[in-house]
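Peer 1: I am attaching a structure below and will ask some questions about it afterwards.
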Amino acid sequence: MKVQPYLFFNGNCEEALKFYETALGAKITAIMPHEGTPAEEHVPANWKKKIMHAQLMLGDQMILASDSPPEHYKKPEGISVTLNADNGAEAERVFKALSDGATITMPIGETFWAERFGMLTDKFGTPWMINSPEKSGASC
41 MKVQPYLFFN GNCEEALKFY ETALGAKITA IMPHEGTPAE EHVPANWKKK IMHAQLMLGD
101 QMILASDSPP EHYKKPEGIS VTLNADNGAE AERVFKALSD GATITMPIGE TFWAERFGML
161 TDKFGTPWMI NSPEKSGASC
């Protein structure tokens, strides 16, 4: 069994995934707009190019995503996508990249449990926690 986050966007899914490709070093492996599918006839004309389903690979992990129709979109609340970096330098790089236009909840820095940890909500409304390896003797 695997856990795969499914992110919903307010009409800017494709833009967000392209940003994550660069910021995270990820790869969009599938992106399907409503246009050209049986769902096309069930959405307004201005929604046909919006994303019905997409897949983003980050290493061997997959994040799924789509645009949520405006009447159904809700900002993410009570959750964060957590990235566990291989080292402090990678955590700093990813945090800086995701920080473009973001709201920083907790600046990245040293904690009692990790070499680097920080929290932000990116410019697309996705909450992130960036964590690097545990400090020696710490456990979470």
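One rule links them: number in the numbering used here = place in the sequence shown (from 1) + 40. Think of the CB as a built atom: it goes at the ideal place given N, C-alpha and C, for glycine as much as any other residue. Values in this document were obtained by computation on a predicted structure and should not be read as measured data.
(1) Looking at the structure shown, is GLU155 part of a helix, part of a strand, or coil, going by DSSP?
(2) What are the boundary residues of the beta strand (DSSP E) that includes VAL121?
(3) Please state if the CB of MET92 and the CB of ASP107 are separated by a distance shorter than 9 Å.
(4) List the DSSP bridge partners of TYR46.
(5) If you check the beta carbons only, do PHE164 and PHE59 fall under 9 Å apart?
(6) Would you be able to state if there are at least three C-beta pairs under 8 Å between the region 130-137 and the region 165-173?
(7) Contact defined as beta carbons within less than 8 Å: I believe PRO73 pairs with LYS88. What is the distance between those atoms, to the nearest angstrom?
(8) Smallest Cα separation from LEU57: which of ALA105, GLU174, GLU155, LEU123?
(9) Have a look at LEU138, PHE49, VAL43, MET41 and flag the residue whose alpha-carbon is nearest the alpha-carbon of TYR113.
Peer 2: Taking the coordinates as given:
(1) As a first step, residue 155 is located in the sequence shown; it is residue number 115 there, counting from the start. Reduced to three states, the DSSP call for GLU155 is coil.
(2) On the sequence shown, residue 121 is found 81 positions in, with the first residue counted as 1. Per DSSP, VAL121 belongs to the beta strand (DSSP E) from 121-124.
(3) Within the sequence shown, the letter at position 67 stands for residue 107. Within the sequence shown, the letter at position 52 stands for residue 92. Yes, they are a contact pair.
(4) Position 6 of the sequence shown, counting from 1, holds the residue named residue 46. DSSP lists LEU104 as partners of TYR46.
(5) Stepping through the sequence shown from its first residue, residue 164 is reached at position 124. Stepping through the sequence shown from its first residue, residue 59 is reached at position 19. Yes, the pair counts as a contact, with Cβ atoms nearer than the cut-off.
(6) yes
(7) Your numbering for residue 73 matches position 33 in the sequence shown. Your numbering for residue 88 matches position 48 in the sequence shown. At roughly 7 Å, the Cβ-Cβ gap stays under 8 Å, so PRO73 and LYS88 are in contact.
(8) By one-based count along the sequence shown, residue 57 stands at place 17. Nearest option by C-alpha distance: ALA105.
(9) Along the sequence shown, one-based indexing puts residue 113 at 73. For the residues LEU138, PHE49, VAL43, MET41, the minimum Cα distance to TYR113 belongs to PHE49.
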